[in-house]
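Colleague: In terms of the numbering used here, the sequence shown opens at residue 70 and continues consecutively.
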Amino acid sequence: MTGSKPLTEVAYGLGFEHPQSFTKLFKSKTKLSLTKFRVAFN
(Lines of atoms letter the chains of each structure in order from A and count residues from 1; the text may use other names and numbers.)
(Lines give C-alpha, C1' and ligand atoms only; values in the text may rest on other atoms or scores of the structure.)
Protein backbone atom coordinates (compact mmCIF):
# COMPACT_ATOMS: atom_id res chain seq x y z
CA MET A 1 0.00 0.00 0.00
CA THR A 2 1.31 3.39 -0.88
CA GLY A 3 1.44 6.52 1.23
CA SER A 4 -1.09 8.20 -1.04
CA LYS A 5 -4.03 6.02 -0.02
CA PRO A 6 -6.38 7.40 2.62
CA LEU A 7 -6.14 5.83 6.06
CA THR A 8 -9.67 4.48 5.86
CA GLU A 9 -8.91 2.67 2.61
CA VAL A 10 -5.77 1.11 4.09
CA ALA A 11 -7.60 0.02 7.26
CA TYR A 12 -10.57 -1.48 5.40
CA GLY A 13 -8.22 -3.15 2.92
CA LEU A 14 -6.48 -4.90 5.81
CA GLY A 15 -9.80 -6.13 7.18
CA PHE A 16 -10.36 -3.65 9.99
CA GLU A 17 -13.98 -2.72 10.59
CA HIS A 18 -13.00 0.57 12.26
CA PRO A 19 -10.06 2.69 11.04
CA GLN A 20 -9.43 3.84 14.61
CA SER A 21 -8.64 0.24 15.59
CA PHE A 22 -5.99 0.07 12.88
CA THR A 23 -4.50 3.41 13.96
CA LYS A 24 -4.30 2.32 17.59
CA LEU A 25 -2.72 -1.06 16.76
CA PHE A 26 -0.26 0.49 14.31
CA LYS A 27 0.95 3.03 16.85
CA SER A 28 1.25 0.42 19.62
CA LYS A 29 3.40 -1.83 17.41
CA THR A 30 5.57 0.78 15.65
CA LYS A 31 5.65 3.58 18.23
CA LEU A 32 4.93 5.93 15.31
CA SER A 33 1.77 7.63 14.16
CA LEU A 34 0.76 6.86 10.59
CA THR A 35 1.57 10.43 9.60
CA LYS A 36 5.13 10.19 10.96
CA PHE A 37 5.55 6.75 9.37
CA ARG A 38 4.48 8.03 5.96
CA VAL A 39 6.85 10.99 6.18
CA ALA A 40 9.75 8.74 7.19
CA PHE A 41 9.21 6.14 4.45
CA ASN A 42 8.00 8.17 1.47
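Ideal Cβ positions, reconstructed from N, Cα and C, are used throughout, including at glycine. In this text, all values refer to a predicted model and were calculated from it rather than measured experimentally.
Using the C-alpha atoms, what's the distance from S90 back to S102?
Modeller: 13 Å
Colleague: Where does S97 fall in DSSP's three states?
Modeller: helix
Colleague: Consult DSSP for G82 and reduce its assignment to one of helix, strand or coil.
Modeller: helix
Colleague: Where L83 and K93 are concerned, what is the direct C-alpha to C-alpha distance, given to the nearest angstrom?
Modeller: A direct Cα-to-Cα measurement between L83 and K93 gives close to 14 Å.
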